[in-house]
Amino acid sequence: MARRKPPAQHGARSEDGQAQATAPPLKRGPWTAEEDEVLARFVAREGEGRWRTLPRRAGLLRCGKSCRLRWMNYLRPDIKRGPIAEDEEDLILRLHRVLGNRWSLIAGRLPGRTDNEIKNYWNSHLSKKLIAQGLDPRTHMPLAAAPGRAAAPTDKTTWAPTVRPPQPPPPPPPVPPTSSAAGTGCDGRDSPAGGGNDDLAAAMSVDAHDFEGFGDQLLADYAASRGVFNDVMGSPMVDDDTFSSFLDSLMNERQLAADHKGVMNDQGGAI
DNA sequence: AACTTAGGCAACCGCTTTAAA
DNA sequence: CTTTAAAGCGGTTGCCTAAGT
Numbered sequence: 014m015a016r017r018k019p020p021a022q023h024g025a026r027s028e029d030g031q032a033q034a035t036a037p038p039l040k041r042g043p044w045t046a047e048e049d050e051v052l053a054r055f056v057a058r059e060g061e062g063r064w065r066t067l068p069r070r071a072g073l074l075r076c077g078k079s080c081r082l083r084w085m086n087y088l089r090p091d092i093k094r095g096p097i098a099e100d101e102e103d104l105i106l107r108l109h110r111v112l113g114n115r116w117s118l119i120a121g122r123l124p125g126r127t128d129n130e131i132k133n134y135w136n137s138h139l140s141k142k143l144i145a146q147g148l149d150p151r152t153h154m155p156l157a158a159a160p161g162r163a164a165a166p167t168d169k170t171t172w173a174p175t176v177r178p179p180q181p182p183p184p185p186p187p188v189p190p191t192s193s194a195a196g197t198g199c200d201g202r203d204s205p206a207g208g209g210n211d212d213l214a215a216a217m218s219v220d221a222h223d224f225e226g227f228g229d230q231l232l233a234d235y236a237a238s239r240g241v242f243n244d245v246m247g248s249p250m251v252d253d254d255t256f257s258s259f260l261d262s263l264m265n266e267r268q269l270a271a272d273h274k275g276v277m278n279d280q281g282g283a284i
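So for the first sequence, our numbering puts the first residue at 14; every next one is plus one.
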């Protein structure tokens with residue numbers, strides 16, 4: 014639907030800003046059906062990766078970044094089209110409360126949805142919804158509750174997750190015993206070696222009380238019951254598997270609730 | 001019917017992180 | 001160990017469309 018501005022043709026610059034003497038100017042703006050076809054066919058044949066050289070190999074006048082983005086957000090066969098369902102919306106809300114604007118992580122928990130799609134949906138729908146409910150979309154805290162809000166950055170549109178540790182430098186990597194998180198899926202951010210789920214761990218550096226503060230009993234209960242959080246020094250004591258199962262539990266709970274609701278409705282609320 | 005405004009979304013930009021040389 | 005290239009991410013931009021006047 015949305016269209017990009019007419020190709021600005023910012024001179025002959027590669028995606029990294031390196032001058033290119035003789036290369037034809039890169040095309041920008043909306044993708045045509047023909048380009049989509051070329052890209053999709055090429056990726057199907059050669060596989061993903063090596064985005065930088067892909068355009069040349071595929072015969073596209075696009076930068077590698079653009080190709081990757083187009084593939085990730087539009088052409089991938091597993092992309093789910095259509096409106097965000099109610100349960101998906103609910104899950105996004107829950108995950109955002111925990112993860113903040115880690116769109117790729119959130120998207121990783123919603124099969125077929127892209128980070129860009131979720132980000133857009135958040136900015137255009139959910140944030141307003143929360144505001145309408147009197148909640149700060151960045152913190153999920155009541156807008157009126159000023160005192161607690163001090164910690165939340167208000168200058169930018171971004172916010173660190175509710176669970177961001179105050180000031181101190183990020184805790185040293187937990188050093189997972191074995192890297193169990195490698196290549197977990199749709200979103201590669203956490204797949205390469207090293208990073209692992211560090212950002213997840215950072216995101217989880219909060220104690221259960223933070224959740225109780227604004228009434229998400231699910232999170233609080235889970236945190237308490239599983240000992241996910243360590244109050245001492247606010248350091249996260251969660252490994253990849255634990256965190257993963259925690260996120261899974263978000264979905265499972267939601268599913269259970271939905272199923273339960275469905276059953277109740279089907280049976281007229283009786284049993 | 002014409003014009004204006006707001007919302008939605010695809011695409012781009014710049015920065016960060018990771019891997020390779 | 002340092003440098004460079006590649007990939008990925010979040011934020012922002014700007015066009016299109018629908019709704020409102």
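By construction, the Cβ of each residue, glycine as well, lies at the ideal position given by its N, Cα and C atoms.
Please report the distance separating the alpha-carbon of residue i from that of residue j.
| i | j | result |
| --- | --- | --- |
| A145 | E50 | 42 angstroms |
| P68 | C76 | 6 angstroms |
| E99 | N114 | 20 angstroms |
| D149 | A46 | 40 angstroms |
| A57 | E48 | 14 angstroms |
| C80 | A120 | 20 angstroms |
| P10 | K40 | Residue 10 is absent from the model: the chain starts at 14 and stops at 284. |
| Y134 | V111 | 17 angstroms |
| P179 | F55 | Below a pLDDT of 50, predicted positions are generally treated as unreliable, and P179, at 36, falls in that range; no measurement from the model is reported. |
| G62 | L118 | 20 angstroms |
| L74 | P38 | 7 angstroms |
| K78 | R65 | 7 angstroms |
| T152 | E59 | 43 angstroms |
| G42 | T127 | 20 angstroms |
| D229 | E101 | Unreliable positioning characterises D229 in this predicted model, as indicated by a pLDDT of 46, which lies under 50. A coordinate reading is not provided. |
Where does residue i sit, in a helix, a strand or coil, going by DSSP?
| i | result |
| --- | --- |
| P155 | strand |
| L108 | helix |
| F52 | Note that residue 52 corresponds to Leu in the displayed sequence, not to Phe. Helix, per DSSP. |
| L143 | helix |
| A148 | Ala is not the amino acid found at residue 148; the sequence shown has Leu there. In this structure, L148 counts as strand in the three-state DSSP scheme. |
| N114 | coil |
| K132 | helix |
| R11 | The requested residue 11 is not part of the displayed model; the chain covers only 14 to 284. |
| G42 | coil |
| A216 | Residue confidence for A216 is low, a pLDDT of 44 falling below 50, so the modelled location carries little weight and cannot support an answer. |
| G121 | helix |
Could you round the C-beta distance between residue i and residue j to whole angstroms and report it? I think they count as a contact, below 8 angstroms.
| i | j | result |
| --- | --- | --- |
| A71 | L52 | 6 angstroms |
| D103 | G125 | Not a contact, Cβ separation roughly 16 angstroms. |
| G147 | L139 | Actually they are not in contact, since the Cβ atoms of G147 and L139 sit about 14 angstroms apart, beyond 8 angstroms. |
| W116 | K132 | 5 angstroms |
| L108 | R122 | 6 angstroms |
Given a cut-off of 7 angstroms, decide if residue j and residue i are closer than it, judged by their beta-carbon atoms.
| i | j | result |
| --- | --- | --- |
| N136 | N86 | no |
| R83 | W44 | yes |
Cβ of residue i versus every heavy atom of the ligand ATP: is any distance shorter than 6 angstroms?
| i | result |
| --- | --- |
| S117 | Judged by which ligands are present, the structure shown has none, so any question about the ligand ATP falls away. |
Inside the stretch 65–99 only - beta strand (DSSP E) runs reaching at least 3 residues: none
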